[in-house]
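Residue numbers (full-length UniProt numbering): 1 to 247.
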């Protein structure tokens, strides 16, 4: 029987092969929640925060080329590797509270560990690394508080979401939070005490100059610094262009 007009012709053998294929979702970004549960939907969206943070890291590294951001991202990568090692060390299954079949171990929670590593590092960064700004104004303290409370709140929400959505047990998410806190503290100490003093030397390397890597450690307000310098450069070039036209 000929295929209907306008419909693509698909060989029977190909259809038979496809029927035997087992299609699996990409579990990296797949988050399920109970249908009609608005809170579950919000928490499911919050579970995607680590991927948004990673995207921000990539964008900052590509467009800012700051060594501290590169070091922070490298620590985040090591944190994920540590989580994978711990999962295959403990080999603890995820909770079997619903019909979903998990193929990955659940101890400790990678989402929880990632978020608490990030939040811990950011708290140290704001209250220790930015102390050289010597600005204790009300506005300065307000935005520092907003950043730290925001980071800790996001970490707590993601942690709760993994239990609410039945991807992990409380033990798994709390273990992830503890590991993330400890490794975040360790990585900040290494960055602040060992890596940062080496940044001036690193940026002088040829490979660093080729990659346009820079060290903004001693610049209190990078945005204001770039704004004022770009404005001065634009004005200087404008005056030079006017003088060239007048000749």
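The C-beta atom is built at its ideal place from N, Cα and C for all residues, glycine as well.
Have a look at residue 228 and residue 66 and give me their C-alpha separation to the nearest angstrom.
-> As a working note, residue 228 is residue 228 in the chain shown. As a working note, residue 66 is residue 66 in the chain shown. Looking at the two C-alpha atoms, the distance is approximately 19 Å.
Segment contact, 8 Å Cβ cut-off, at least three pairs: the stretch 183-196 with the stretch 51-60 | Taking 8 Å as the limit for Cβ pairs, the verdict is that the stretch 51-60 does not touch the stretch 183-196.
Please work out which residues of its chain come closer than 6 Å, Cβ to Cβ, to residue 71, disregarding the five sequence neighbours upstream and downstream, and give them in chain order.
-> The count along the chain shown starts at 1 and reaches residue 71 at position 71. Spatial neighbours of residue 71 in its own chain (CB-CB distance under 6 Å, excluding positions within 5 residues in sequence) are listed in chain order as 191, 195.
Report yes or no: do three or more beta-carbon pairs, one from the stretch 213-230 and one from the stretch 148-163, lie closer than 8 Å?
-> In short, these stretches do not touch, since the Cβ pair count stays below three.
Between which two residues does the alpha helix (DSSP H) containing residue 141 stretch?
-> Numbered from its first residue, the chain shown carries residue 141 at position 141. Per DSSP, residue 141 belongs to the alpha helix (DSSP H) from 138-164.
With distances taken Cα to Cα, identify the nearest neighbour of residue 47 among 138, 166, 82, 73.
-> If you number the chain shown from 1, residue 47 lands on position 47. Checking every option, the nearest Cα to that of residue 47 belongs to 166.
Using DSSP with H/G/I as helix, E/B as strand and the rest coil, what is residue 214?
-> Counting from 1 along the chain shown, the entry for residue 214 is found at position 214. Strand at residue 214.
In whole angstroms, what separates the C-alpha of residue 52 from that of residue 200?
-> For this step, residue 52 is matched to residue 52 along the chain shown. For this step, residue 200 is matched to residue 200 along the chain shown. Distance between the alpha carbons of residue 52 and residue 200 is about 30 Å.
Three or more C-beta pairs below 8 Å linking the stretch 79-88 and the stretch 107-114 | Counting Cβ pairs under 8 Å, three or more are found: they touch.
Beta-bridge pairing of residue 66 - partner residues as DSSP gives them | Sequence index remark: in the chain shown, residue 66 carries index 66 (1-based). Bridge pairing for residue 66: 214 [DSSP].
Where the alpha helix (DSSP H) containing residue 31 begins and where it ends | Here residue 31 corresponds to residue number 31 of the chain shown, with the count starting at 1. Here residue 31 belongs to no alpha helix (DSSP H), and DSSP marks it neither H nor E.
What do you get for residue 120, buried or exposed, if any count of 16 or more other CB atoms within 10 angstroms of its CB means buried?
-> Your numbering for residue 120 matches position 120 in the chain shown. Answer is buried; the Cβ neighbour count reaches 16.
Three-state secondary structure (DSSP) of residue 35 | Residue 35 sits at position 35 when you count from the first residue of the chain shown. Correct three-state label for residue 35: coil.
First through last residue of the alpha helix (DSSP H) which encompasses residue 121 | Numbered from 1 along the chain shown, position 121 holds the residue referred to as residue 121. Counting along the chain, residue 121 sits inside the alpha helix (DSSP H) bounded by residues 110-127.
Looking at residue 141 and residue 248, is the spacing between their C-beta atoms short of 7 Å?
-> Outside the displayed range of the chain (1 to 247) lies residue 248, so it cannot be described from this structure.
Closest to residue 29 by CA distance: which of 22, 39, 50 is it?
-> Mapped onto the chain shown, residue 29 falls at position 29. Comparing Cα-Cα distances from residue 29 to each of 22, 39, 50, the minimum goes to 50.
For residue 269, the first and last residue of its enclosing alpha helix (DSSP H) | Because the chain is modelled from 1 through 247, residue 269 falls outside the range shown and cannot be assessed.
Test item: CB-CB of residue 203 and residue 108 under 7 Å | For the purposes of this step, residue 203 is taken as the residue at position 203 of the chain shown. For the purposes of this step, residue 108 is taken as the residue at position 108 of the chain shown. Contact: no.
Have a look at residue 232 and residue 242 and give me their C-alpha separation to the nearest angstrom.
-> As a working note, residue 232 is residue 232 in the chain shown. As a working note, residue 242 is residue 242 in the chain shown. Annotation: residue 232 to residue 242 spans about 15 Å, alpha carbon to alpha carbon.
Please state if the CB of residue 126 and the CB of residue 144 are separated by a distance shorter than 7 Å.
-> Residue 144 sits at position 144 when you count from the first residue of the chain shown. Residue 126 sits at position 126 when you count from the first residue of the chain shown. Taking 7 Å as the Cβ cut-off, residue 144 and residue 126 qualify as a contacting pair.
Kindly give me the distance between the Cβ atoms of residue 217 and residue 68, rounded to whole angstroms, as I take these residues to be in contact under 8 Å.
-> Sequence index remark: in the chain shown, residue 217 carries index 217 (1-based). Sequence index remark: in the chain shown, residue 68 carries index 68 (1-based). Contact between residue 217 and residue 68 holds: CB atoms are separated by about 7 Å, below the 8 Å threshold.
Which stretch, first to last residue, makes up the alpha helix (DSSP H) that contains residue 201?
-> In the chain shown, counting from the first residue as 1, residue 201 sits at position 201. Element bounds for residue 201: 199-203.
Which value, in whole angstroms, describes the spacing of the CA atoms of residue 96 and residue 63?
-> Counting from 1 along the chain shown, the entry for residue 96 is found at position 96. Counting from 1 along the chain shown, the entry for residue 63 is found at position 63. Cα-Cα distance, rounded: 44 Å.
Given a cut-off of 7 Å, decide if residue 75 and residue 94 are closer than it, judged by their beta-carbon atoms.
-> Position 94 of the chain shown, counted from the start, is the residue given in the question as residue 94. Position 75 of the chain shown, counted from the start, is the residue given in the question as residue 75. For the pair residue 94 and residue 75, the CB atoms are not nearer than the 7 Å cut-off.
Of the residues 128, 161, 77, which one's Cα is nearest the Cα of residue 42?
-> Here the question's residue 42 lines up with position 42 in the chain shown. Measuring C-alpha to C-alpha distances from residue 42 to each of 128, 161, 77 identifies 161 as the nearest.
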